[in-house]
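Residue numbering for the sequence shown follows my numbering, starting at 1 and increasing by one per position.
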Amino acid sequence: MSRIQSIVITPIAFRDPPLLNVYGVHEAWALRTIIELKTEDGQYGLGESYGDEQTISQLRQVAPHLEGMDVFNMNAIRQKIEEVITLPDPDSGLDIAPGTLGATTVPRIFSAFEVACLDVMGKITGRPVCDLLGGKVRDEVAYSAYLFYKFERHGFTDDPWVDKWGEAVTPAQIVDQARAMIDQYGFQSIKLKAGVFEPEEEIQALEALRDAFPNLPLRIDPNGGWTVETTKRLLDKFGNGLLQYLEDPAHGKEAMSQVSAMTDIPLATNMYVIGFFDLPKAIELDSVQVILSDHHYWGGLKATQELAKICKTWDMGLSMHSNSHLGISLMAMTHAAAAIENLTYACDTHYPWQEEEVIKGGKIQFKDGAVVVPDRPGLGVELDHEALAVLAENYKNCGIRARDDVSEMRKYQPDWKGTVPRF
1 MSRIQSIVIT
11 PIAFRDPPLL
21 NVYGVHEAWA
31 LRTIIELKTE
41 DGQYGLGESY
51 GDEQTISQLR
61 QVAPHLEGMD
71 VFNMNAIRQK
81 IEEVITLPDP
91 DSGLDIAPGT
101 LGATTVPRIF
111 SAFEVACLDV
121 MGKITGRPVC
131 DLLGGKVRDE
141 VAYSAYLFYK
151 FERHGFTDDP
161 WVDKWGEAVT
171 PAQIVDQARA
181 MIDQYGFQSI
191 KLKAGVFEPE
201 EEIQALEALR
211 DAFPNLPLRI
221 DPNGGWTVET
231 TKRLLDKFGN
241 GLLQYLEDPA
251 HGKEAMSQVS
261 AMTDIPLATN
271 MYVIGFFDLP
281 KAIELDSVQV
291 ILSDHHYWGG
301 LKATQELAKI
311 CKTWDMGLSM
321 HSNSHLGISL
331 MAMTHAAAAI
341 ENLTYACDTH
351 YPWQEEEVIK
361 GGKIQFKDGA
371 VVVPDRPGLG
381 VELDHEALAV
391 LAENYKNCGI
401 RARDDVSEMR
411 KYQPDWKGTV
421 PRF
């Protein structure tokens with residue numbers, strides 16, 4: 001039996017470009033938390049999760065209670081988390097699912113520890129994590145170019161840092177961004193984050209992308225920023241196979257259902273189906289045809305496999321959502337995706353937007369838009385403690401404790417609302 005000896009929770013901050021979305025703009029620093037789980041027999045495993053104060057507090061609350069537990073007994077570990085974690089106040093709005101207190105909190109916290117435990121299990125058994133999930137069904141996992149409208153640099157700061165990607169606020173600049181990203185990473189599909197400008201202007205960018213990359217599938221994601229009426233008006237513009245899928249055009253399951261009834265274009269979501277509790281209503285309404293999973297809040301890698309089985313049963317597509325992340329999360333996503341037969345589309349990733357890393361050897365390499373599934377034990381990556389120390393110092397000094405795109409945008413536009421739908 002391999003027991004947990006200690007767990008180290010380290011908040012970090014790393015550079016994030018001024019990426020625009022329907023809610024506002026990214027701040028200069030993105031936050032994450034690195035979990036380092038050590039066993040009594042000298043092994044260690046890694047996890048990566050969100051970096052907001054609530055998540056950090058909950059991870060630190062749970063960690064001491066897991067000491068002495070068998071790293072292989074994930075059921076017992078989840079039960080312990082359910083027993084000891086402090087859930088949000090029912091009136092706080094912090095736990096998203098109404099009437100299911102803890103429905104989002106427990107999966108989010110469990111996932112961080114599950115990945116670290118699977119990493120340890122792989123090192124103990126000498127097998128990669130995908131083998132612990134039943135074995136890989138593909139040797140590499142495809143990811144999509146994730147394009148953003150963006151400012152050239154962060155305003156309202158004395159920080160001289162400027163990212164390498166440049167300004168992107170016009171269709172031509174979006175095409176330039178895509179070309180640079182595809183040249184470097186070899187992506188074979190393209191997603192555009194939308195909800196920033198008037199929809200017709202964003203569709204012009206899509207059409208420019210189609211002209212520049214006629215053989216690459218396209219997606220667009222307004223983050224619920226369009227009304228049903230606006231989406232209906234735009235549907236004809238998506239004809240002739242312009243879109244592989246349309247992600248979260250309208251706000252909420254009911255609105256998505258209305259859009260779904262108007263079009264044969266598959267609708268995808270990472271916003272309105274965020275846990276198993278959301279599936280019955282979404283299926284009843286036919287709100288979505290593609291689920292963009294995210295192990296960070298669905299409850300881990302094995303929960304992602306459970307979701308895949310449900311998607312297969314109901315003939316729904318499946319891919320993966322992304323947020324600002326580093327290599328530990330990327331490798332966890334890759335192992336999960338490698339073990340899921342019905343992964344229908346290339347996964348999202350913010351990874352090209354991040355310059356820093358916490359793993360030895362620096363940033364993970366892509367080939368033709370894909371990450372090769374490693375055959376090394378565990379996740380296949382090791383922690384760079386010197387790099388971790390630098391990013392931990394960033395966290396202490398950056399002054400950000402929770403992501404707030406709305407407030408950041410108000411620095412540029414004081415009357416900014418950040419509400420949806422916008423158009």
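Cβ coordinates follow ideal geometry from the N, Cα and C atoms, glycine included.
Given the structure is predicted, the values throughout are model-derived calculations rather than measurements.
Between which residues of its own chain and residue i is the CB-CB distance below 7 Å, once the five residues before and five after are set aside?
{"i": "residue 367", "result": "186"}
{"i": "residue 136", "result": "130, 338, 339 and 373"}
{"i": "residue 273", "result": "279, 282, 288 and 291"}
{"i": "residue 454", "result": "Here the chain comprises residues numbered 1 to 423, so residue 454 is not present and cannot be evaluated."}
{"i": "residue 222", "result": "22, 194, 195, 248 and 249"}
{"i": "residue 263", "result": "235"}
Give me, in chain order, the residues of the same chain whose beta-carbon lies closer than 6 Å to that of residue i; leave out the 5 immediate sequence neighbours on both sides.
{"i": "residue 410", "result": "416"}
{"i": "residue 52", "result": "402"}
{"i": "residue 154", "result": "18 and 28"}
Suppose you measure from the CA of residue i to the CA of residue j; what does that come to, to the nearest Å?
{"i": "residue 192", "j": "residue 286", "result": "24 Å"}
{"i": "residue 172", "j": "residue 40", "result": "56 Å"}
{"i": "residue 49", "j": "residue 16", "result": "16 Å"}
{"i": "residue 92", "j": "residue 225", "result": "Interpretation of residue 92 is limited by its pLDDT of 49, a score under 50 that renders its predicted location unreliable; the figure taken from the coordinates is listed afterwards. Using only the alpha carbons, I get a separation of about 24 Å."}
{"i": "residue 359", "j": "residue 78", "result": "27 Å"}
{"i": "residue 379", "j": "residue 298", "result": "19 Å"}
{"i": "residue 56", "j": "residue 320", "result": "24 Å"}
{"i": "residue 306", "j": "residue 343", "result": "13 Å"}
{"i": "residue 234", "j": "residue 311", "result": "28 Å"}
{"i": "residue 124", "j": "residue 43", "result": "7 Å"}
{"i": "residue 239", "j": "residue 245", "result": "12 Å"}
{"i": "residue 66", "j": "residue 352", "result": "34 Å"}
Taking residue i as part of the beta strand (DSSP E), name the residues at either end of that continuous run.
{"i": "residue 36", "result": "29 to 39"}
{"i": "residue 233", "result": "Per DSSP, residue 233 belongs to no beta strand (DSSP E); it is in the alpha helix (DSSP H), 228 to 234."}
{"i": "residue 139", "result": "Taken as a continuous stretch (DSSP letters only), residue 139 belongs to no beta strand (DSSP E), as it is neither H nor E."}
{"i": "residue 219", "result": "218 to 221"}
Which residue or residues does DSSP assign as beta-bridge partners of residue i?
{"i": "residue 290", "result": "268 and 317"}
{"i": "residue 44", "result": "38"}
{"i": "residue 3", "result": "70"}
{"i": "residue 49", "result": "33"}
{"i": "residue 21", "result": "24"}
Along the alpha helix (DSSP H) that carries residue i, what are the first and last residues, could you check?
{"i": "residue 82", "result": "74 to 84"}
{"i": "residue 253", "result": "253 to 260"}
{"i": "residue 120", "result": "105 to 125"}
{"i": "residue 406", "result": "405 to 410"}
{"i": "residue 129", "result": "129 to 132"}
{"i": "residue 190", "result": "Run containing residue 190: none in the alpha helix (DSSP H); it sits in the beta strand (DSSP E), 190 to 193."}
Checking 8 Å against the spacing of the C-beta atoms, do residue i and residue j come in under that value?
{"i": "residue 33", "j": "residue 7", "result": "no"}
{"i": "residue 428", "j": "residue 395", "result": "Outside the shown range of the chain (1 to 423) lies residue 428, about which nothing can therefore be said."}
{"i": "residue 62", "j": "residue 109", "result": "yes"}
{"i": "residue 269", "j": "residue 247", "result": "yes"}
{"i": "residue 295", "j": "residue 325", "result": "no"}
{"i": "residue 202", "j": "residue 194", "result": "yes"}
{"i": "residue 209", "j": "residue 162", "result": "no"}
{"i": "residue 64", "j": "residue 423", "result": "no"}
{"i": "residue 364", "j": "residue 391", "result": "no"}
{"i": "residue 275", "j": "residue 24", "result": "no"}
Report all residues from its chain with a CB closer than 8 Å to the CB of residue i; omit the five preceding and five following residues, and keep chain order.
{"i": "residue 69", "result": "3, 4, 76, 77 and 80"}
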